[in-house]
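Quick notes on the structure that follows.
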Amino acid sequence: MTHEPGSPIGRRFFLGLVGLGAVGVATGSTISNWWQQLAQRDPTGISAAVFPGGGGWRFYTVTGDYPSRAPGDYRLRVSGLVDTPFTLTYDELTALPPTKLDRDFQCVTGWRVLGVKWRGVRLADLLDRAGVRPEGTALRFTSFDGVYTESLTMDQARRRDVIVAYKLDRKPISSDHGGPVRLYVAPMYGYKSIKWLDAIEVVDRVIPGYWEERGYSIDAWVGRSNGRNDEST
Amino acid sequence: MNQPEPATRVARFTKLERIAHWVNAVLFTIAMATGAMFYFGIGQSLLADRALVRVVHVYSGFAIIAAFAVAIVPRWGRSLRRDLSRINRWSRDDVRWLRSLGRNPSVRLGKFNPGQKLNAVFVGAAAIVLAGSGAIMYWNQSFSTDTRVGADFVHQWFGWLIWITVFGHVVLAFRDFESLRGMTGGTVSTSWARHHRPRWYAEEHPATTEGAELADA
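Sequence order for the protein chains is A and B.
In terms of this note's numbering, the first sequence is residues 23 to 255.
In terms of this note's numbering, the second sequence is residues 8 to 224.
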């Protein structure tokens, strides 16, 4: 075995880099959140535009794919414990009186997108149209990805900042964002805002949704659940 | 020197090293291209099948580690291991070369210049970090949210740094064709070796160099 002369600087550099990576993973969201806040406060916007991890949307899916449905094929079903169940086409939904919300989107994994412009129909309006029966105290949402589900209590669903959204930042909601139609529950963590909304069912008790069965809080108020203390949205 | 340089060539990289390099290059290109699709969120619009992009990214990434492990096994990886040992060790001249950003003409370099050494070590370390953080992202159900966020952040930063590094590596390779020929055909010209890598040339040809030095004296 021959030994090259000189110092083993290569090995030190190698171990230093691998150590840096390990520390970055181990500190979890601390460094990530610190950098994100720094990047978003940078008035020039260079930090977020040039360097990675500066925030912005991250696209999640639980099936490994973004399901896609053309607006022309889209149907929203409202049923369950209601007097008049109904189905809306995309055009019928977008013809209803719109509600605009200019609010942040906070993910439970730490990232936050500031001042997102949402447009949609108040969920309360759809519930009034269907006529909720007295025993209907909660809602169950399903996604046309075939897997994801969500839940809300009737009181939560009737808030003025909970909408069935079809526009995001003035554009139709794209497939990766959960379009053509998704839920937006402004005061709660992002996982409550179910993507690729397929059906709304009025039920008599809260049925935990996909992530709630996996340990996430059911009442997912931003800053007051999931062991997190984010600023409210 | 009155006599013209002999038109001989010096063996620089063995066939195994070259195969290992180009397999690595192809796998890195695939992993980097698919990684960029996720980074810019265009996996959906360009290629309809996001699940396919994901599979290609994950498998090309793990193949980088697997291919390197195969290339370095004791039975045939001797030349590669010897070069890794060269990359590890830094001579005083290496440090002087780096301090002068390659402009100090009096340094005598070995087989690799310090830039090549830094590149090789960074790419190797980044491959380990990206594979580790990528494994956490892939098997994310087994990890806490906090760990997943950390892995995601580290993966983004190292992926970004790999793009910069590889871009620089390719640009520099095309600026020195003789060096590039060492990695394609396996040999470099004797004059290139004597001029750019004198310490390595002396190592490979002890007799000739001694003779030349005697003649100079």
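We treat Cβ as the ideally placed atom computed from N, Cα and C, and that holds for glycine.
Keep in mind the model is a prediction, meaning the values are calculated, not measured.
- Taking 8 angstroms as the cut-off, the Cβ atoms of valine 130 (chain A) and asparagine 248 (chain A) count as close.
- The C-beta of asparagine 95 (chain B) comes closer than 8 angstroms to at least one C-beta of chain A.
- Residue range 99–106 is occupied by the alpha helix (DSSP H) that includes arginine 106 (chain B).
- At a cut-off of 8 angstroms, the C-beta of serine 198 (chain B) has no neighbouring C-beta in chain A.
- Chain-ordered, the chain B residues with CB closer than 7 angstroms to the CB of arginine 33 (chain A) read Asn95.
- Under DSSP, tyrosine 46 (chain B) shares a beta bridge with no residue.
- In the structure shown, the three-state DSSP call for lysine 118 (chain B) is coil.
- Against chain A, the beta carbon of glycine 157 (chain B) has neighbours under 7 angstroms at Gly46, Val47, Ala48, Thr49, Gly50, Ser51, Ser54, listed in chain order.
- Aspartate 124 (chain A): member of the beta strand (DSSP E) spanning 121–128, first to last residue.
- A contact between stretches requires three or more CB pairs, one per stretch, nearer than 8 angstroms, and the segment 107–121 of chain B fails this requirement with the segment 157–164 of chain B.
- In the assembly as shown, proline 121 (chain B) is a buried residue. Its beta-carbon has 16 or more other beta-carbons within 10 Å.
- Rounded to the nearest angstrom, the gap between the Cα atoms of arginine 61 (chain B) and threonine 41 (chain B) is 8 angstroms.
- At a cut-off of 8 angstroms between C-beta atoms, phenylalanine 163 (chain A) does not count as an interface residue with respect to chain B.
- Here the alpha carbon of tyrosine 112 (chain A) sits roughly 7 angstroms from the alpha carbon of glycine 94 (chain A).
- Under the 8 angstroms criterion on CB atoms, arginine 61 (chain B) is classed as interfacial with respect to chain A.
- Aspartate 183 (chain B) does not reach chain A, its nearest Cβ partner there being about 21 angstroms away, counting only Cβ pairs nearer than 9 angstroms.
- Interface residue (Cβ-Cβ distance to chain B less than 8 angstroms): aspartate 126 (chain A) is not classified as such.
- In the three-state DSSP reduction, tyrosine 213 (chain A) falls in the helix class (H, G or I).
- CA-to-CA, the gap between serine 196 (chain B) and tryptophan 29 (chain B) works out to about 21 angstroms.
- Rounded to whole angstroms, isoleucine 31 (chain A) and isoleucine 171 (chain B) show a C-alpha spacing of 22 angstroms.
- Any Cβ of chain B closer than 8 angstroms to the Cβ of aspartate 87 (chain A) would place that residue at the interface, and such an atom is present.
- Taking a beta-carbon distance threshold of 8 angstroms, isoleucine 143 (chain B) counts as an interface residue toward chain A.
- Under the DSSP definition of a beta bridge, arginine 201 (chain B) lacks any partner.
- For valine 177 (chain B), the enclosing alpha helix (DSSP H) starts and ends at 152–182.
- Exposed is the label assigned to threonine 106 (chain A), since fewer than 16 other Cβ atoms lie within 10 Å of its Cβ.
- Residues are counted here when their Cβ sits less than 8 angstroms from a Cβ of chain A; for the segment 27–40 of chain B the count is zero.
- If the five residues before and after serine 67 (chain B) are omitted, its C-beta is found closer than 6 angstroms to the C-beta atoms of Leu34, Ile37, Ala38, all from its own chain and listed in chain order.
- In the displayed model, tryptophan 133 (chain A) falls within coil according to three-state DSSP, outside both helix and strand.
- Counting every other CB atom within 10 Å of its CB across the protein chains shown gives alanine 70 (chain A) a total of 16 or more, marking it as buried.
- Taking a beta-carbon distance threshold of 8 angstroms, phenylalanine 129 (chain B) counts as an interface residue toward chain A.
- Distance from the CA of aspartate 177 (chain A) to the CA of leucine 161 (chain A), rounded to the nearest whole angstrom, comes to 10 angstroms.
- Non-local beta-carbon contacts of aspartate 64 (chain A) in its own chain, meaning distances under 8 angstroms to residues more than five positions away in sequence, involve Ala70 in chain order.
- With distances taken between CA atoms, alanine 74 (chain B) lies nearest to B:Ala134 out of B:Ser86, B:Met44, B:Ala134, B:Arg16.
- Considering only A:Ser173, A:Phe73, A:Gly132, the residue with the shortest C-alpha distance to threonine 255 (chain A) is A:Gly132.
- Leucine 205 (chain A) is classed as buried because its beta carbon has at least 16 other beta carbons within 10 Å across all chains shown.
- Chain-order list of chain B residues neighbouring serine 29 (chain A): Arg96, Trp97, by C-beta distance under 8 angstroms.
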